[in-house]
Structures are given as structure tokens and as C-alpha cells.
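Participant: The structure follows.
Protein chains: 8
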Amino acid sequence: WAIRHDDDRPRRIGIAEAVLCSGKTTEQAVAAAEAAFAAHGRCLMTRLSPEAFAALPEAFSSRLDYDPLSRTAVLGAWPEIHDQGSVAVATAGTADVAVALEAVRTLRFEGVASDLVTDVGVAGLWRLLSVRDRLADYPVVILVAGMEGALFSVAGGLLPGLLIAVPTSVGYGVTAAGKAALTSALGSCAPGVLTTNIDNGYGAACAALRALNA
Amino acid sequence: WAIRHDDDRPRRIGIAEAVLCSGKTTEQAVAAAEAAFAAHGRCLMTRLSPEAFAALPEAFSSRLDYDPLSRTAVLGAWPEIHDQGSVAVATAGTADVAVALEAVRTLRFEGVASDLVTDVGVAGLWRLLSVRDRLADYPVVILVAGMEGALFSVAGGLLPGLLIAVPTSVGYGVTAAGKAALTSALGSCAPGVLTTNIDNGYGAACAALRALNA
Amino acid sequence: WAIRHDDDRPRRIGIAEAVLCSGKTTEQAVAAAEAAFAAHGRCLMTRLSPEAFAALPEAFSSRLDYDPLSRTAVLGAWPEIHDQGSVAVATAGTADVAVALEAVRTLRFEGVASDLVTDVGVAGLWRLLSVRDRLADYPVVILVAGMEGALFSVAGGLLPGLLIAVPTSVGYGVTAAGKAALTSALGSCAPGVLTTNIDNGYGAACAALRALNA
Amino acid sequence: WAIRHDDDRPRRIGIAEAVLCSGKTTEQAVAAAEAAFAAHGRCLMTRLSPEAFAALPEAFSSRLDYDPLSRTAVLGAWPEIHDQGSVAVATAGTADVAVALEAVRTLRFEGVASDLVTDVGVAGLWRLLSVRDRLADYPVVILVAGMEGALFSVAGGLLPGLLIAVPTSVGYGVTAAGKAALTSALGSCAPGVLTTNIDNGYGAACAALRALNA
Amino acid sequence: WAIRHDDDRPRRIGIAEAVLCSGKTTEQAVAAAEAAFAAHGRCLMTRLSPEAFAALPEAFSSRLDYDPLSRTAVLGAWPEIHDQGSVAVATAGTADVAVALEAVRTLRFEGVASDLVTDVGVAGLWRLLSVRDRLADYPVVILVAGMEGALFSVAGGLLPGLLIAVPTSVGYGVTAAGKAALTSALGSCAPGVLTTNIDNGYGAACAALRALNA
Amino acid sequence: WAIRHDDDRPRRIGIAEAVLCSGKTTEQAVAAAEAAFAAHGRCLMTRLSPEAFAALPEAFSSRLDYDPLSRTAVLGAWPEIHDQGSVAVATAGTADVAVALEAVRTLRFEGVASDLVTDVGVAGLWRLLSVRDRLADYPVVILVAGMEGALFSVAGGLLPGLLIAVPTSVGYGVTAAGKAALTSALGSCAPGVLTTNIDNGYGAACAALRALNA
Amino acid sequence: WAIRHDDDRPRRIGIAEAVLCSGKTTEQAVAAAEAAFAAHGRCLMTRLSPEAFAALPEAFSSRLDYDPLSRTAVLGAWPEIHDQGSVAVATAGTADVAVALEAVRTLRFEGVASDLVTDVGVAGLWRLLSVRDRLADYPVVILVAGMEGALFSVAGGLLPGLLIAVPTSVGYGVTAAGKAALTSALGSCAPGVLTTNIDNGYGAACAALRALNA
Amino acid sequence: WAIRHDDDRPRRIGIAEAVLCSGKTTEQAVAAAEAAFAAHGRCLMTRLSPEAFAALPEAFSSRLDYDPLSRTAVLGAWPEIHDQGSVAVATAGTADVAVALEAVRTLRFEGVASDLVTDVGVAGLWRLLSVRDRLADYPVVILVAGMEGALFSVAGGLLPGLLIAVPTSVGYGVTAAGKAALTSALGSCAPGVLTTNIDNGYGAACAALRALNA
Ligand SMILES: Nc1ncnc2c1ncn2[C@@H]1O[C@H](COP(=O)(O)O)[C@@H](O)[C@H]1O
Ligand SMILES: Nc1ncnc2c1ncn2[C@@H]1O[C@H](COP(=O)(O)O)[C@@H](O)[C@H]1O
Ligand SMILES: Nc1ncnc2c1ncn2[C@@H]1O[C@H](COP(=O)(O)O)[C@@H](O)[C@H]1O
Ligand SMILES: Nc1ncnc2c1ncn2[C@@H]1O[C@H](COP(=O)(O)O)[C@@H](O)[C@H]1O
Ligand SMILES: [Mg+2]
Ligand SMILES: [Mg+2]
Ligand SMILES: [Mg+2]
Ligand SMILES: [Mg+2]
Ligand SMILES: [Mg+2]
Ligand SMILES: [Mg+2]
Ligand SMILES: [Mg+2]
Ligand SMILES: [Mg+2]
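Which chain is which? The protein sequence lines are C, U, D, P, G, H, F and X, in order. Residues in the first sequence are numbered consecutively from 359, following the numbering used here. Residues in the second sequence are numbered consecutively from 359, following the numbering used here. Residues in the third sequence are numbered consecutively from 359, following the numbering used here. Residues in the fourth sequence are numbered consecutively from 359, following the numbering used here. Residues in the fifth sequence are numbered consecutively from 359, following the numbering used here. Residues in the sixth sequence are numbered consecutively from 359, following the numbering used here. Residues in the seventh sequence are numbered consecutively from 359, following the numbering used here. Residues in the eighth sequence are numbered consecutively from 359, following the numbering used here.
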């Protein structure tokens, strides 16, 4: 097998190809990351579990800035920050922070510093209301929530910016695996809430970058 | 076939058997209702569609108090009201009113007058907040919502009473048929929200009666 | 039942409450539209089927600008166009045009003229490639596709703007009801594609408005 | 990330926020529990697996009263018992006891002593009939059952109190993961049976507390 | 197209091929029935809706003994009854009678008279208990129930004979279309309950015939 | 909206674009067919229901060779037959013939005459065995079956040619809508059985054409 | 918690309560088995994995006759064989043997010796045909198959006895977890095939015992 | 249990029975392989995980040519290559290579050398376009893709040969387990794309062999 790195992607859509590590062997992940590094001088690796990180050759892993909570790694140097007032990332619970950090670090990898606001789930509505004005100032807000995902609709009625819902697999029983939060995001009674795949903080960040680049 | 009316049910659990008309032939529905009427002097018929109502023999249907929106009919006289400050019924949208009325009329059939509050969905949060104190006074609140059912969780964090969620089949796409609202009710991040089957206003009323009888 | 129109919504999020007609009785739909009209001097009605339109009182329906393909109606005067280079709407097939027009008319109701490009499904790839430069100029592109929804990923790799996928219920067998196109949108291998509920052209337009207002 | 403990919750709805440990890192779980402890002088932790318990810092875990079967822990002192004749908890099988104990301990954490009755599944109907009078005396009965959940309907026809079904994930094949028991609870032919999420003993207890507080 | 009637089937398995009418055109249904009639001198037609019956050529339909409730028709003469103490058919509700009659008439078509017992659902347990001794005498009992199908398990613990569950599509919400009753039959906590497809009274009768022939 | 007919398709893949009529308005279907006719001098229309056919303008429909069972129409002249010993089409039941004919007529539209063999379902195994040698001679066999789709596996073990399974929506209960037959085709224990979408006789024919063209 | 062993079950339905070990703690499984042993002098334990067996106290496990493939154990002495020509058990593949042995050993625990026939899947049809006469002699045949379960229908057309299908979770992709084989059993085109839950060899044996006792 | 190897299969359909190792015990896998080896002088084993390989007796495993990525092993000598210009295998990503290699090695086991082309997913469309001419020359192309499977449709519009889609379980959230890629393959808007079960590289190779043998 051979890697065909999409080195032309930044020119076409403004975002470099990241390496999705889950499903790849160690050898494949390293080869893909080196191809990206060769093209762009840096590379973002996602869904790199602590076990997969530990299995990497030391000569490679020592070159990574790895965060186990978000399971992301950066090979090469981070870029300068060129935007810091455009994107907020809000989570319903603390278990959603891992996915939120995948978004935060993906944004940061493209030079965008974001504002992370955690634990504002609607069971205690005052928490969201207390950060409402702060969030209302951002053109783009990424909302990260699992279980039944009610946060998406309540935020959807209160905030004017572009809203990107990221349903998470946090939950059990009917909310296990994120399907319940996903259907809440898709079926929201608040107008204009958009959605990514379950646990896809990376995709939410890419969408935010598209909005900022536009 | 023969009807075996459960005439002993009021003694056991305090609620008379109602006649679920969907799925029954005209002849079966009439026979079941007459058996209940014979035992208790009155009978509640549910899920009696306008078409099914029109197909009833005139001698029978003229004895009914029929409401097409809730698709319920009462054969015989309504009882006196013996309770009127215990139960509120709140809906997210106006399309949920049909199901809410099934609950209201079932309660009324057992002598309980309830307080119907409509159109308080969370997309415009001020609507729910404006009725919060009114709803917080009731020991039992029935919540009726379709689409993504975010109302259940927001109300769950604001109201102290027993909360009975009724997911409705109002919606389309992933929210068609009520599954999305149902999973939101079941997976609510607010503690102690309970749920009935989709569109089951009758069951919600029966549960409220159980709580009041206790 | 009483309508609680969310007249404060434009102030909070910049979009007026529209009337979703499916699931409402004729009486409820008219009351909701009149409440919106009273607050804002105009009103958008969605999912108003030809049958439901025909059932409206003539005195009311004669005040509507109704389009049966998109099932939308406008009560009151259309606003001036204030934006016309920001949003394109592209469809995979001609059967997807109905949903696309719901987006186009919702945008137009808020003063945004959009560019409709039809029948660019990937089975004949040259069709999409022939409009690629035209679409690449728009900050926001709404993509409307049913069946397996491959358009979302191909466009996702070619276009730099904010991409809003609208899966449609066009198809049969495993693609009936839009679930297949929806999962393709959510699981796209192209980074940063966002999604609405199935057939939700209205929601896609609202999301585009959020991006433009930001 | 920061914890936003909902310390106002007891005032609003009469129940303190518990810490759901599954999905949280050790550090997050401890921080959440300490925040609750700081606000209320005690804290309930749920879904704390033996593995997660073992991973806690010894200085913290030594302050916990931990029960591995129910996977619950209490930080701080248990309150006095203020109610002991109001709630029974009945299980279909012995494998359901773990979930039942989550309910029992949650109730006890709020000062309510409950009556646990185990192994009364309907395959041997005499077992339920032999405890029928004992259960019929309680205003609230929590029913815990997996597999096909037939207990919910049989108890629903025999007991007058408020019935809270907790479907469990006990089973295999079509009953694996609790969906079958859940649909039996939701679709029960007995009137007024209410339901929680699968395995949600905590939620059932909270609902019972709502009923008792009313 | 040509019909290939399986005229050898009675020799192999003791049951003649019946004509499943749903899905067939009028012409196909008639041709299939005539082929069976030619081979065996009589024919059973199933799932022949009143509309499909009305569309048959009068010269053909006048030769049928048609029952609209069970949607079955017999072409040719009924056989003698050769067995009448072996099979009982019991239903949970009256809406299940249509499916039960499909079983009763299929059995009768093969010369077996069965005992139909209706409306013994477990919501009023005394009903089943009052017919328990009657049903316990039969070597084969066909159980017909929709909604949540709790009857299967309760009867499974009380009756010694071969139990054949027929889940019906009677219900709504999560019990619509019979999936909930089906999973209850499959996952029954009572040992040795067997199941047919949803609404398959015909198959249940054929299985009973296999047991009797054995 | 405008049609973008893929007139280049025959050059690329050897098959002309057909018009899928379901989901299209009358006006759209006619426009699409005329565009294809303009490019190629003939056009195949699929999924044209008798109701949709009746709604066509008479001037257009009079130019069609329409078959209501397969719901296909041909505009313009049929081509010469250039192949007649390569493809057989076999059905499990007579209700599957409609889908089989869609395949037969699509093949014929491209000049391929096929051999239709009906009613060889495995419940009477001698039927399939009696045509085994006939079918074993064809390089390509299209297998059309609904219900549980056991034909696919049995034929898969007996026939050497390329096997294309077409699951049909013939059935009820768990086999309604074709999902059961589809999973049997996909999960067949016989090696190398391939599958199309449910009811997709058109697609099966196109695949056969690809194999013949190769 | 306390065990309520159903010691009356043999009198009611002729089968003793077995102990389902999955889901039970070691302590619960031992207590349940001892209660059964106390009542009947022997006990059958099912779904006792090798890991669970190894975790049992040595003093208890040394009294068991344990078979790891079927995951069954017998405490106490096996009964005499009183029937040996009535039941055959046939499997499609060798991976299905584990489930088949659960049936064989359950039958043997009740004194019935059965005839096990393995690896007769329909991909090589001669295998089933070569044992057809042998199987056709049995009044009851248990059929065990995973993947797409085509064996159920082919055997259903060839064998006259009572047929009990046991779908197994053998397979991957769409056949993983046994749903595909289950729907094939339920939707079989052969008349009178009955079904148990996935992997439920125990239930199939109990049903066979019901048929033999009748 | 006994193995009944289908040694007649090559004569009937031209492909030898392979041994599917998942679900089999070590003893069963070895016995099945030896039976095949005895009949044909060689044997292909599939889904033999590294763990299962390590558990094999050394005397047996030393005779195998094992590839851990594709989890295939060959017992005995590989045959000569007799075809090398007929089949190409293309993957969307590098994580799909494992499944592609199962196809490549199965083909090679039957003497067919194939052309493996990796990492041509549509997110970077130039990758597929750059290999288009190479792939267009093959009569059979196996397409291997996970996530949303858009590759199937794009290739379907560009390549003339027989197209065999193999959806893979590569992905997460809604694309986990391969269902999304599968529905894209089945519902492709490109005509004549055929599909195997998820991850079934073996089946795709067998289908290709059928086409080549025809
Ligand atoms: N966490 C992620 N979730 C979704 N897509 C991703 C993620 N990380 C990388 N990708 C994209 O997945 C696509 C396929 O990845 P690969 O298999 O590495 O070629 C690439 O275009 C990546 O940009
Ligand atoms: N709308 C309803 N939803 C659910 N259950 C109902 C409804 N109406 C009546 N029931 C109950 O359904 C059970 C079965 O009804 P039946 O088939 O009429 O005997 C009865 O015990 C009724 O109390
Ligand atoms: N019955 C059918 N099933 C599946 N696809 C079809 C069918 N009939 C036509 N098509 C294809 O569907 C694609 C989209 O159709 P259209 O929406 O007409 O552009 C075209 O490429 C047709 O070749
Ligand atoms: N990877 C595979 N996927 C699907 N089927 C397979 C695979 N490997 C072998 N088979 C077939 O699976 C059938 C059943 O396998 P067995 O259980 O080994 O008899 C055999 O006919 C094999 O040809
Ligand atoms: Mg919290
Ligand atoms: Mg409103
Ligand atoms: Mg087209
Ligand atoms: Mg037939
Ligand atoms: Mg009744
Ligand atoms: Mg027990
Ligand atoms: Mg084999
Ligand atoms: Mg890549």
C-alpha cells in the first residue's frame, strides 16, 4: 500500500489533511503523518488513543505534542495565532470536554484561539444563562453535548451566531453511543442548528474554519 | 369472540378500563364500550378517529360526547370534579395539543380538572419561564412535546413536581414518529423525569391518577 | 389552546418564527400565522401541502403567495433584497428541487437572493466540475441530495465555503426516507461538512442566515 | 475545564446534583464530587465501577462509603431517615438487584428507607402474588426488570400505586442492552406505568422523591 | 410468468401450499389458487383484503368462502374435522382476534377444530387465571397478542403444552407494527415459548399441524 | 430548475442515463425524458406508477411503450437484440415478477434478451433443482426474492455464474420492506453472491450489462 | 437480596427452573443453584462462561459437570434416559455447535437423548440432502444456524416434524449478533417454522420438551 | 461434531470452500482446514486473527503462509498465476487496505493476480482521477471504502467494468460498523454498482472469480 497525501487540499479548501489514526496500523499512521509533514511542515493526528500513542516508535512520538484527553497530537510547530475572538466552544458536561478539546486543538492548529466554556448543561439553566452574553458575542459557537442533547435547542433560541452541534457518545441506555443527542441536534426546534457526526470535534472545527475563511 | 371487560379494575387500581378503539372493528368497539357502560355506568373511548366515529351506528354515537381533536369519546355522564389544583398539562407546540387533550379529558373522566398550558417550547425560552411559577405549584405536571423533546429536560431542571413526559409523533425526518422525543425524555439530563409511550396522553393521565390516589 | 408567538426572536437571533403547518389543524395554522403577521407584518409558512392549502378559508389563502413545489407560503409583502452574492443552493437531482426551493424561498423571505444550481449529481461528475468555479465563489453553499448523498463528500473536497448538507427523502429501499443520505452527510470523509435534518431546506437557510449575520 | 456545580438545585427541585462517574476522568470525578461536597456537605456518586473506584486517590476513596454491586458511593455522612413506608423496590430476577440497589441507595441518600423485594418475575407467578398485598400498600413502587419486562404489565394490573419501571440490560440476543424491556414498559397494556432510561435506578429514585415531595 | 405450484408438499411435510395474496396481482392470485385447486381439490387463500376480494372476477369469488376479519378464503369444500381436542387459540385483546381467526381457519382447513378464547390480556390477570385449567388441557396453545406481549410470558409460566406465540401489529408508538410484542415473545423469561413472524396466524397453525402430525 | 442530462454516460460506462420517475413531478419527468431522447433517440423511464403514467400529457404518453407491472416505459424505438444467451432472471415467487420484469426490460432496452424463470422458491426445492441445469448455463443470473431471501444462498451453492441478488419488498412483519431479504443476500453463506438495493431490478440489469461489456 | 426459587415449576409445566449465570455475581449464581439443588436434587446452569466457572469457589465447582463449549454445568446426578428417538439437532456450520450442545445437554438433563447432526449448511446442499431421511424420522428437529439462516427455509420445505429454529450470533457485518438469521427464521417462506431468541439452545430444548410432554 | 467439507464445490461453482475461522474453536478451525487440505491439497483460511493464529498448535501453524493484516492464511502451496490483467482492487483510505488484501489474497489463491491501488478517496478527487485510466482498463474493479462510501458512486460514474463494492467498518459515530458505507453502496446513484457484506473482501474476490469464469 502507498499513501496518497492530499497535499493540494489547503489550496482548494483552506484546510490541511489530518491523519485519522483509529483503524490504521502504527506503520500506516506514521507514514501518513510523515507524508503530511513533508508537504506542509506540520501535521495534526486525531483519534490517537493513549495505547496507540504508546505503540509508536519512540523516535517518532518524541516529536509529537500529544494530549491524551482529546487524543490529538501535533507533529512540527504550532502556527501563530491569527484569530482569537471568533469561536467559542461550550460543553454540556465535563465528560464532553474531551471532544471539545479536539475542536479547540484543531482550531489552534490552524491559528485560531477559541474560548472554552464547560459544564453549562440545561438541567441547571442558570449556568447557560450566566454565560449567554459571553457566547452571544461570537460569530461561531460549537456546542458539545451528549445524553439527550437539549443544550442544542436552548442555545439555538438564545444565541445569534452560527451554531455547530457536536453530539457526543456520553450516556448509557438509549443515549449510549450518541444517537439520542444526534437526533436532538438534527431535529432541534430552534432554527438553523447544524450538526456533525457523533464525537466529531475535528469536523466542527473544520466547519468553523470554513465559516471564518468565507 | 367475546369481550371480557375487566370490571374489577377500579377496585384493584382505582382506574376503570378504557376502550382503545384503534385496531378494533366497529362492532368490537361498540361491544367493548357497552360492556364497560354496563359495569360502571360510563365509559371512556380513546383513539376513536373521526372516520371511526362516523362509522358508528347513529343510535350509539348519539350517546357519545366526542372530541375529534383528542379522538376521545365519553359514553354516559361525566362525574363531578373532585380535584382541581393537582395537575397541569403543558405542551411545547400547538400540534401537541391533541395529545394533551387526551390527557386532560382522561383526567376529567376521573373527576380531575387540570390546567392546560400550551406553546411553551424552549426555542423561545421566555415562554416557559413566564409560566414557571404557575407550573411549579402543581404536584404533577404532564409535559407534551414532539420533535427533539428538549422541553422535558429544561422543565426537569426548573419544576419540583412529579414530571410525566409524553413524547409526540409531531415532526419529520429523524423526528418523525416520535422516537427522537422519546429518547430525549428517557435520557434526560434532569433527574427524575418519567415517560410514557409516544402520543400516550391516556397513560400519562392514568399515571397522574395513581400519584393522586396514593 | 392559545398561541404564544415568539415575537422577540428576531431581536435575539435575527430570524423570525415561521409557521410549520404539518401537524397543525387548519385553525391552528391560521392562528399561528396571524400572530406572526401581527408581530412582524409578514409571515412565512412551511410544509403547507397543496391539500392543506386548499382547506384554508379563502379569505386567508387569497392573502398568500403560495408555491406548491416547495410547499411554502408568504403572508404579507416580501422584503427588499439586501444580499445576493453570498449563498448558492445546489441539488444532486431534479427530485431534490422541492427541498432546495424551500431554502431559496426562506432566504428570500429574509432578503437574501441565492443562486440555484440543479442536477449536478456525481454519477455524471462533469456536471459538478462544470459549476465548480461558480460555486467556489460563494461563502455559503447549501447542498441538497437524496439517495446515497455522495454529492456532499465530493463537493466537500472541492469547495472552500461553509457547506450545509440537506439530505432528502428521495430514494427507495435502503435510501427511502433519507437516512442513507443523512449518514453520508454526517460521516463525510471531507472535512467540515455540516448537516440539517432530512428535507429541512428551511433549517439550512436559517443556518446560512446565521453565518451571514455573524 | 471547570466544574459548574448546580448548587441551587435542591432549592429548585428538592434533589441535589449527583456525580455521574462513567465518562469522566478520575480527576473530573473527584473535582465534581468535591464541588458538591463543598456546597451540601455530602455527595452521591453513581456509575462508579470497581475499576474506577480503584483508580481514585486513596486520600479520596477512603472518605467514601462504596458499594460495588450498585456502583454507588457516598462522600460525607448519610442523612437521618425521615420516611420509611412510602417506597418499595421490586425486581424480576437476581441479576436486576444491582440496578435496584442504585435506587435504594439514592433514596436512602435523601433520607428515604425503601422496601426491597427481589426475584418476583412472572415466569413463576406465585412469587409476585405472594408479595402483592405487601406491595399494594406502598404509594410508590419501583419495578426493576430486564429480558422482556413482562413484570411491568402484570404489576400494573395488580397494584394501585405510582409505578416506575426501570428496564435493565439483563438479557442476550433480542433482549441484550435492555431495549426489549424498555419497549414493554412503554407499551404496557396496564394503564399508567411510567418508565426511566435503561438501568437508571438513580432516575427512578429521583422520580419517587418528586412524588413524595409533592 | 408461470406458476409452479408445489403440489408435492403434502407428501413431504403434510401441509398443502396456500396462496399468499398480498403482493400478487388479481391475475396472479387467481392463477395460483386454480393451480392449487387443480392439484388438491381445494385451496386456502390468505391475506386477501376486502379490497382485493372485491377486485376478483365474480365467477371466481362466488366459489370462495371468504371471511373479511381474518382475510382468508377457501376455494372448494372444507374437509371433515378429524381432531378437536388438541389446539386452543387465546388472544390478549379483541383487536388480536383477526390474526387468531387466520390460525383457526387454517387449522380448520386441515381438519382441526380449535378452541378460541379471547380477551385474556394480563392487565386484568383474573381473565387468564379463569381460563387456565381449560387451556392447560391442550397439548398445543397458540397465543396471540400485540402491544407489549406480556401474555406470552405469563402463559409460559402457567401452561404445560407447546406454546406458539403470534405477536400482532396491534399498538402504536413503540408497539406499532408488532416489534415490541415480537421481542417479548423471543426474550420471554418463561422457558420454551416459540414464535412466528408478526401477524402470522397462518404459520402458527402450520406449526401446530406439524406437532400434531408428529 | 434545469435538467443536466448526462449524455456522455454511454461513452464512459456503456449505459445511458435512465429517468427515475418516482419523486419527480410530471413536468420534471417529461423534461428529463425529452432530454435523454434528444441525446440518444430513445429513453428508458423507471418507477413510473400507473397513476403517474395516467397523469402524463396524452401527447407524451402516446409515444411510450408502457408496462404497468414493471412500471417501466420506453420512449422511442427498442434496439435490435444483440445478445440472447447470457443472462437469466429467476424469481422466488410470483409477487417478485414485477421487479424481475424491470430487469428484463432494462436489459432488453440495451439489446439483451434474457431468460425469465419464475416461482422457484426453496420451500419446494424441486422447483429450483428442476431448472438448475438451465440456469447453470448462463454466465450471469439475476436472482429476485423477497421474504427471507433463502433462494440467494441455495442458488449460490449450485450455480457457477455471476450471481446478482435483488431483494424485494415482498413480505410482512419482519420481512416487510425487504430488509430481511437484503441481509440474507449480503450475509449469504454461499461465496460470491452480490447484491443491489431492494427492488432494484434496474440496477441488477445495469450490473449485468457491465459484466457483459467487460 | 433473596432467591425465590420457582420449585413448583415442574408440577406446572414439567420443566425445572435452570440458573442463567450471565448477569449474576458469583455469589448470586451459587445461591440460585443451591436453591434449585435443594428443591430437586439437581440443577442445570446455563451461560456459565469459562471465566465465570473459574471464579467459582472450588468446593462448589468440583461438584459440577461442566462443558466449556456449551457453557453449561450440571450440579448433582444426570437422570436416566427415558426418550431417545424423538429429537434431532442439526447445525449449519461448526461454529453453531456450541449453541447446539446447549440444547443437547438441556434435553439430556431432562432424560432425552438427541441426535446431533453437524455442518449441513445449504451452501453445499448435498450435505443436507444426505441426512434428510435421517432427520425426517424425528417428530422434533432443532435447527441451529447463523449468518443468513437459509437452512431454516430449506429444511422447512423438506422435513415434516416440528421445526424449532435457533438463530446464532455467528457472522459479521450485517449478520453479526444474529439478527439476520433471526429474521430469516421468522420470515421463512416454508410453513410452520418456529423460532427462539438468538443463541437460545436452552429455550429450543424446553420447547421440544413441551412438545414431547404433550 | 464432525466436519462435512464441501469437497464437491469446485466442480459445481469453481471455487473451493474456505475456512472462516472467527467463531470456530482452535480445534474446529484445524479440523476444517485439514479436511479441505485433504480434498484439494491446499486451503484458504480467513478471519484468522493474530490471537487465533498464535493459539494454533505450532506443528500446524508452521505449515501456514499467514498475513496478519488481512488475517488470511494459506495451507499448502499457492497455485500458478493464470490471470493478471482482469481485476483491480482500489481503496478509499489506508485503513481499508486490510480488507482489500483479503480480496487480493483470495484471488491469488485461485491463481489471479490483481492490481492494488490504495488511498484514492474522493475528499481529494484528483487521486481517483489520476488512476482513472488505469482502473478503466479492468473488466472487474473491487472498490473498498468505509466511512460514508462516496467512492462507490464516483467510481460508478467513471468506470465501465463490473464494480464490486466492499463497505468497510472503518469509521466512528454513524459510520461505525460499516452500515453507512453499505447503504451508500446499495443506494448508489451510479447505475449497476453491486455490493458484498461489510468487510467481506473474501466474497468480493469470489464474485470476481465467478465473473472471470463465466
Ligand atoms: N477525527 C476525524 N474525524 C473525521 N475525519 C477526520 C478526522 N481526522 C482526520 N479526518 C479526515 O479523514 C479523511 C480520511 O482520512 P485518511 O484515512 O487518514 O486518509 C481525511 O481527509 C482527514 O482529513
Ligand atoms: N389510548 C390508550 N393507550 C394505551 N392504552 C389504552 C388506551 N386506551 C385504553 N387503553 C388500555 O388498553 C388496554 C387494552 O385495551 P382493549 O384492547 O380495549 O382491551 C385496556 O386495558 C385499556 O385500559
Ligand atoms: N429504477 C432505478 N433505480 C435506481 N436508479 C435509477 C433507476 N432509474 C434510473 N436511475 C438512475 O438514477 C440516477 C438519478 O436519476 P435522475 O434523478 O433522473 O437524474 C440516474 O443516473 C439514473 O440512471
Ligand atoms: N471471510 C469469509 N466471509 C464470508 N464467508 C466465508 C469467509 N470465509 C469462508 N467463508 C465461507 O463461509 C462458509 C461457511 O463456513 P464454515 O463455517 O467454515 O463451513 C463456507 O462456505 C466458506 O466458503
Ligand atoms: Mg454537572
Ligand atoms: Mg410556535
Ligand atoms: Mg438526472
Ligand atoms: Mg408459490
Ligand atoms: Mg379489553
Ligand atoms: Mg429465578
Ligand atoms: Mg463448512
Ligand atoms: Mg488519507
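We treat Cβ as the ideally placed atom computed from N, Cα and C, and that holds for glycine.
Determine, using beta-carbon pairs with one atom in the stretch 452-462 of chain G and one in the stretch 374-393 of chain U, whether at least three such pairs fall under 8 Å.
Facilitator: Flag = yes, the stretch 452-462 of chain G and the stretch 374-393 of chain U touch.
Participant: Taking the beta carbon of S546 of chain X as the centre, do at least 16 other beta carbons fall within 10 Å, making it buried, or is it exposed?
Facilitator: Buried is the call here.
Participant: Just how far apart, CA to CA, sit T526 of chain H and G531 of chain D?
Facilitator: For T526 of chain H and G531 of chain D, the distance between alpha carbons rounds to 9 Å.
Participant: Are any of the Cβ atoms in chain U nearer than 9 Å to that of T452 of chain G?
Facilitator: Closer than 9 Å to some Cβ of chain U, the Cβ of T452 of chain G qualifies, so yes.
Participant: Within the chosen definition, does the stretch 476-484 of chain D reach the stretch 460-478 of chain X through at least 3 CB pairs nearer than 8 Å?
Facilitator: With the cut-off at 8 Å, the stretch 476-484 of chain D and the stretch 460-478 of chain X do not touch.
Participant: Identify the contact partners of G531 of chain X in chain C, using a Cβ-Cβ distance below 7 Å as the criterion.
Facilitator: Within chain C, the residues near G531 of chain X are G536, N555, I556, D557 and N558.
Participant: Between the alpha carbons of Y496 of chain C and A458 of chain U, how many angstroms are there, rounded?
Facilitator: Taking the straight line from one Cα to the other gives about 39 Å.
Participant: Is G464 of chain U near ligand 3, going by C-beta to nearest heavy atom under 8 Å?
Facilitator: Checking the sequence shown, residue 464 of chain U turns out to be Thr, not Gly. Flag unset: Cβ of T464 of chain U not near ligand 3.
Participant: In chain P, which residues lie with their C-beta within 9 Å of the C-beta of R485 of chain C?
Facilitator: Within chain P, the residues near R485 of chain C are R362 and D364.
Participant: How big is the Cα-Cα spacing for S419 of chain F and P408 of chain F?
Facilitator: Computed Cα separation, rounded: 11 Å.
Participant: For a cutoff of 9 Å on Cβ pairs, would you count L414 of chain U as touching chain D?
Facilitator: Answer no: the Cβ-Cβ gap between L414 of chain U and chain D never drops below 9 Å.
Participant: Using a 10 Å radius around the Cβ and a threshold of 16 neighbouring Cβ atoms, would you call I373 of chain G buried or exposed?
Facilitator: Buried, because 16 or more other Cβ atoms sit within 10 Å of the Cβ of I373 of chain G.
Participant: Name, please, each residue of chain C whose Cβ falls closer than 7 Å to the Cβ of R492 of chain D.
Facilitator: None at all; the shortest Cβ gap to chain C is about 15 Å.
Participant: Does any heavy atom of ligand 4 sit closer than 8 Å to the C-beta of E506 of chain C?
Facilitator: Not so, every heavy atom of ligand 4 lies at least 8 Å from the Cβ.
Participant: With a cut-off of 9 Å, does the C-beta of L427 of chain F fall near any C-beta of chain X?
Facilitator: At least one chain X Cβ lies under 9 Å of L427 of chain F.
Participant: Strictly under 9 Å for the Cβ-Cβ distance: is V498 of chain D near chain C by that measure?
Facilitator: Yes, because at least one Cβ of chain C sits closer than 9 Å to the Cβ of V498 of chain D.
Participant: Would you kindly report the start and end of the unbroken alpha helix (DSSP H) that includes V462 of chain D?
Facilitator: V462 of chain D -> alpha helix (DSSP H) spans V455 to F467.
Participant: Considering only residues of the same chain and omitting the five flanking positions on each side of C401 of chain P, which have a CB-CB separation below 6 Å?
Facilitator: Once the five neighbours on either side are set aside, the close Cβ partners of C401 of chain P are A391, A394, F395 and L433.
Participant: Does the distance from the C-beta atom of V551 of chain P to that of V498 of chain P stay below 9 Å?
Facilitator: For V551 of chain P and V498 of chain P, no; Cβs fall outside 9 Å.
Participant: In chain order, what residues of the same chain lie with their CB nearer than 6 Å to the CB of Y560 of chain D, ignoring the 5 residues before and after it?
Facilitator: Excluding positions up to five away in sequence, the list reads T404, E460 and T464.
Participant: Give a yes or no on whether the minimum CB-CB distance between A376 of chain G and chain F is below 9 Å.
Facilitator: Cβ-Cβ to chain F under 9 Å: yes for A376 of chain G.
Participant: What do you reckon, is the C-beta of D366 of chain C under 8 Å from a heavy atom of ligand 12?
Facilitator: No, ligand 12 has no heavy atom inside 8 Å of this Cβ.
Participant: From the DSSP output, which residues share a beta bridge with A523 of chain X?
Facilitator: BP columns for A523 of chain X point to X:L501 and X:T553.
Participant: Name, going along the chain, the residues of the stretch 507-522 of chain H whose beta-carbon falls closer than 9 Å to a beta-carbon of chain X.
Facilitator: Those would be G514, G515, L516, L517, P518, G519, L520, L521 and I522, in chain order.
Participant: So with Cβ pairs under 9 Å, would you call G545 of chain U a contact of chain G?
Facilitator: No, its Cβ sits nowhere closer than 9 Å to a Cβ of chain G.
Participant: Between the stretch 384-401 of chain D and chain A, which residues of the former have a C-beta closer than 7 Å to a C-beta of the latter?
Facilitator: In the structure shown, chain A does not exist; the protein chains are C, U, D, P, G, H, F and X.
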